[in-house]
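Peer 1: Handing you this structure, nothing more for now.
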Amino acid sequence: MNFIPAPKKSFLISCVVPVYNEEKNITNFITALKIQLQQLGQSFEIIVVDDGSYDHTSKKVIALLKKDRSIKLLSFSRHFGKENALTAGLERSSGDCVIMIDADFQHPVELISTFVQYWIEGYDIVYGIQKNRPRKSLLKNYLPRLFYFLINKFSKINIMPDAGDFRLLDRKVVNALNSLKEYNRFMKGLYAWVGFKSKGIPCNTPKRRAGKSTFNLSQLTELAITGLTSFSDAPLRILSFSGFILSFIALICAIYIIIKTLILGIDVPGYATIVVIIIFFGGIQLFSIGILGEYIARIFTEVKHRPHYIISKEYGFE
Ligand code: UDP
Ligand code: MG
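Okay, so the sequence shown: first residue is 1 according to the working numbering, each after it adds one.
Structure below.
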């Protein structure tokens with residue numbers, strides 16, 4: 001479905017485009033995005049957030065914005081990550097609705113008119129449900145599924161695995177997101193956390209037009225741990241529960257050994273068994289400390305209250 005909405009009133013649409021080393025895509029992408037936005041017959045702004053690119057991405061955007069006042073650029077002082085780039089774009093946007101979209105053409109620009117139509121109909125969040133994602137490695141395919149299973153099972157929020165950052169947000173959703181000041185940001189969790197009336201629209205996910213994805217397995221794992229620890233305390237509860245069960249089993253074993261010793265006398269000691277048990281429980285303890293450590297590390301970064309990002313230059317903002 002692709003139709004142009006009949007405007008009921010005039011409004012401003014903000015588009016937030018996070019970019020990291022997208023010199024091969026950015027000019028074509030902004031051109032394609034502008035064509036779609038112009039068809040809507042409303043005023044718009046395109047906020048490109050350069051997440052510390054070390055190629056010519058910024059230069060190309062500056063060349064475009066010199067000729068076009070609707071294009072704006074925020075340049076980070078270093079690489080802060082996509083979640084922070086989106087956060088910056090949302091904070092600096094002034095539209096009645098804000099559309100977040102990737103610059104690599106994996107989010108089809110043609111869907112924007114449909115997003116806006118549903119927004120006019122009264123939905124506060126309209127998002128793309130990405131079908132036919134290009135095949136990644138087995139690990140990159142299955143680990144996210146495990147992550148979404150865990151987060152949906154053990155937290156109070158419900159995140160759709162195929163719904164990403166390609167979405168339109170009403171101003172009140174943007175204001176709600178801007179009021180969340182947590183440092184460890186997992187945007188997909190935050191969209192779900194704030195609530196509001198949402199509509200998902202299935203869309204195809206073409207291959208990245210040029211360049212390659214910067215998300216590697218370790219960055220995805222980091223994001224998954226941020227997501228789990230930000231939205232669920234289940235890992236800590238599971239630890240307490242396992243501790244309780246193991247202590248209970250140990251108590252039963254102790255009673256059994258005491259009774260056996262009283263009746264049969266002291267047995268020949270089974271060193272191998274004892275060593276295995278010590279290593280097993282040592283492992284469990286280290287694992288538990290590790291999980292505690294993850295939460296403490298996140299508390300540590302939260303209490304420092306550092307800004308989410310630092311802007312070195314901005315263009316096109318009044
Ligand atoms: N991006 C970013 N910072 C990052 C990684 C990516 O701003 O640390 C941008 C990137 O330029 C693109 C979008 O976020 O516009 C999606 O990135 P990518 O295509 O690498 O992610 P994937 O499609 O593999 O999830
Ligand atoms: Mg991509």
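The beta-carbon is built from N, C-alpha and C at its ideal position, and this holds for glycine as well. Computed from a predicted structure; not experimentally measured.
Heavy atom of the ligand MG less than 7 Å from the Cβ of residue 219, yes or no?
Peer 2: Not so, every heavy atom of the ligand MG lies at least 7 Å from the Cβ.
Peer 1: For residue 144, which beta-bridge partners are listed by DSSP?
Peer 2: Residue 144 is not bridged to any residue.
Peer 1: As a quick check of your reading: which residues have a C-beta less than 6 Å from at least one non-hydrogen atom of the ligand UDP, in chain order?
Peer 2: The answer, residue by residue, is 18, 19, 20, 22, 51, 81, 82, 85, 102, 103, 104, 106, 208, 213, 214, 215.
Peer 1: Can you pull the DSSP bridge partners for residue 55?
Peer 2: DSSP lists no partner for residue 55.
Peer 1: What number of angstroms, rounded off, separates the C-alpha of residue 189 from the C-alpha of residue 167?
Peer 2: Each residue's alpha carbon lies about 14 Å from the other.
Peer 1: For residue 163, report the span of its beta strand (DSSP E) as first-last.
Peer 2: Segment 163-170, the beta strand (DSSP E) holding residue 163.
Peer 1: Given residue 196, which residues of its chain have a CB within under 8 Å of its CB, disregarding the five upstream and five downstream residues?
Peer 2: Counting only Cβ-Cβ distances below 8 Å, and skipping sequence neighbours, we find 124, 125, 170, 172, 173, 176.
Peer 1: Fully enclosed by the region 215-249, which alpha helix (DSSP H) runs are 4 residues long or longer?
Peer 2: Qualifying alpha helix (DSSP H) stretches, in chain order: 217-231.
Peer 1: Can you list, in chain order, the residues of its chain whose CB lies under 6 Å from that of residue 240, leaving out five sequence neighbours each side?
Peer 2: Nothing listed; no residue qualifies.
Peer 1: Below 8 Å, how does it come out for the region 73-89 and the region 43-53: are there three or more Cβ pairs, yes or no?
Peer 2: Yes: the two stretches touch, three or more of their Cβ pairs being nearer than 8 Å.
Peer 1: DSSP three-state call for residue 201: helix, strand or coil?
Peer 2: Strand at residue 201.
Peer 1: Taking 8 Å as the limit between beta carbons, can you name the residues of its chain near residue 102, skipping five residues before and five after?
Peer 2: Excluding positions up to five away in sequence, the list reads 17, 18, 165, 166.
Peer 1: Distance check for residue 127 and residue 198, CA to CA, integer angstroms please.
Peer 2: Straight-line Cα distance between these residues: approximately 8 Å.
Peer 1: Please work out which residues of its chain come closer than 6 Å, Cβ to Cβ, to residue 301, disregarding the five sequence neighbours upstream and downstream, and give them in chain order.
Peer 2: Within the same chain, residue 301 has close Cβ partners 183.
Peer 1: Can you say whether residue 253 is buried or exposed, counting buried as having 16 or more other CB atoms within 10 angstroms of its CB?
Peer 2: Looking at its Cβ environment, which holds fewer than 16 other Cβ atoms inside 10 Å, residue 253 is exposed.
Peer 1: Residue 187 lies in the alpha helix (DSSP H); which residues open and close that run?
Peer 2: First-last of the alpha helix (DSSP H) with residue 187: 187-194.
Peer 1: Quick check: residue 112 and residue 163, are their CB atoms within less than 8 Å of each other?
Peer 2: The answer is no: Cβ separation not under 8 Å.
Peer 1: To the nearest angstrom, how far is the alpha carbon of residue 72 from that of residue 309?
Peer 2: So the alpha carbons of these two residues sit roughly 17 Å apart.
Peer 1: Where do the ends of the beta strand (DSSP E) carrying residue 113 lie?
Peer 2: From DSSP, residue 113 is part of no beta strand (DSSP E) but of the alpha helix (DSSP H) over 112-121.
Peer 1: Once DSSP output is grouped into helix, strand and coil, what is the label at residue 106?
Peer 2: In this structure, residue 106 counts as coil in the three-state DSSP scheme.
Peer 1: Could you spell out where the alpha helix (DSSP H) holding residue 86 opens and where it closes?
Peer 2: Looking at the DSSP string, the run of the alpha helix (DSSP H) that includes residue 86 is 82-92.
Peer 1: Just to confirm before moving on: does the CB-CB distance between residue 157 and residue 193 stay below 8 Å?
Peer 2: The answer is yes: Cβ separation under 8 Å.
Peer 1: Give the DSSP-derived three-state secondary structure of residue 20 in the structure shown.
Peer 2: Coil.
Peer 1: In whole angstroms, what separates the C-alpha of residue 289 from that of residue 317?
Peer 2: Spanning the two alpha carbons is a distance of roughly 47 Å.
Peer 1: With DSSP collapsed to three states, give me the class of residue 36.
Peer 2: Here residue 36 sits in helix by DSSP.
Peer 1: Less than 8 Å between the C-beta atoms of residue 140 and residue 204, yes or no?
Peer 2: No. Outside cutoff.
Peer 1: Among 55, 33, 223, which residue has its Cα nearest to the Cα of residue 47?
Peer 2: Closest by alpha carbon: 33.
Peer 1: Just to confirm, is the Cβ distance from residue 151 to residue 86 under 8 Å?
Peer 2: No, these two residues do not count as a Cβ contact at 8 Å.
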